[in-house]
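The structure under discussion appears below in the form of structure tokens.
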Amino acid sequence: MLVEYMKSKPQLISGKFSSSFTYKDAENEWQLKADSLNSMPEGQKDWKGWRKAWQDFRSRTKVKLTKNRKEAQSTGGGVPHLSTMTDVEEDILDVIKKISVEGHNVPESATGFTFSNAPSVSLYTNPDNVISKTTVSANSQHTQIELPLEAAQCPNEAVVVVQEDKTSNTPSIATKGNNKPKKQMPKKSQTLYNSATAAMDFKEYLKHKHKVKEEYYKEKIAFLEEGVRLKAKKDIYNILIIFFLQYVTWFSSL
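Going by UniProt numbering, the first residue of the sequence shown is number 1, and it counts up by one from there.
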């Protein structure tokens, strides 16, 4: 039931917040779902507990998927030992892949870097506050580096780029407009996002692993203590038997 609910809530899955979907909105969504889940006999968690349950499901699914991929790509020979994905895990993978590919309709900021003789920093923002472009210049005599980024959802925006004029000390200004809508996140931004997501998932996996170990050692200590108690009880019982036999032997010799 939790996974089915998450299918219709891509913003909760991504964890991204904007002016149209704030942290408070996410908290309210989780609270409503927690009330629904807690009405079931086996459901007794607050909204943070249900959010943690979803994160644990997602982390375990990604870990299993990663192990299967490594096993399939291994070169040791023999038949790969792949773990079978459950129906719930398959549903989770479908949701995660869909969010990763499609993304969200969130305004982005574009940043360009131009190296020239004089250091300068300029910021241009369109009136609708949909997207902004930042141009940064740093000292360099012979090198110019530009990272052009298309302006998404604002075709009438004028983008100002400061370029170095190698034949003159006066920088030239180029104006660019009527940009085509951008459909995909820049490759470097996508790589950074994927790295951050992987780091968070790995952190959740380590927390889960630590919790499992902690529970295991608690049970092991309890088992050892019970063993010591039973052994002491058995030793006392043996001593009483020996004492009784000695007493019977002594009494019969009279």
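Glycine is no exception: its CB is placed at the ideal position from the N, C-alpha and C atoms. Predicted, not measured: the structure shown is a model, and the values here were computed from it.
Option in the options with minimal Cα separation from residue i
i: Glu71; options: Val63, Lys62, His81; result: His81
i: Tyr205; options: Thr197, Glu90, Ser253, Asp56; result: Asp56
i: Glu27; options: Ile92, Ser39, Lys52, Lys209; result: Lys52
i: Val212; options: Leu37, Asp25, Tyr23, Arg60; result: Arg60
i: Trp47; options: Thr66, Ser189, Asp25; result: Asp25
i: Val88; options: Tyr23, Arg58, Asn68; result: Arg58
i: Gln31; options: His210, Phe202, Lys209, Gly49; result: Gly49
i: Asp91; options: Trp54, Ser74, Lys67; result: Trp54
Alpha carbon of residue i to alpha carbon of residue j, nearest angstrom
i: Ile96; j: Lys231; result: 53 angstroms
i: Glu29; j: Glu226; result: 46 angstroms
i: Ile239; j: Val228; result: 17 angstroms
i: Asp94; j: Lys233; result: 57 angstroms
i: Ala196; j: Leu224; result: 42 angstroms
i: Leu254; j: Tyr247; result: 11 angstroms
i: Ile242; j: Asp235; result: 11 angstroms
i: Phe17; j: Pro186; result: 19 angstroms
i: Thr249; j: Ala222; result: 41 angstroms
i: Ser19; j: Ser189; result: 21 angstroms
i: Arg69; j: Tyr237; result: 58 angstroms
i: Glu219; j: Tyr23; result: 38 angstroms
8 angstroms contact criterion, which residue i and residue j should meet: CB distance rounded
i: Lys64; j: Met85; result: 7 angstroms
Beta-carbon contacts of residue i that lie in its chain and below 7 angstroms, excluding the five residues immediately before and after
i: Met200; result: none
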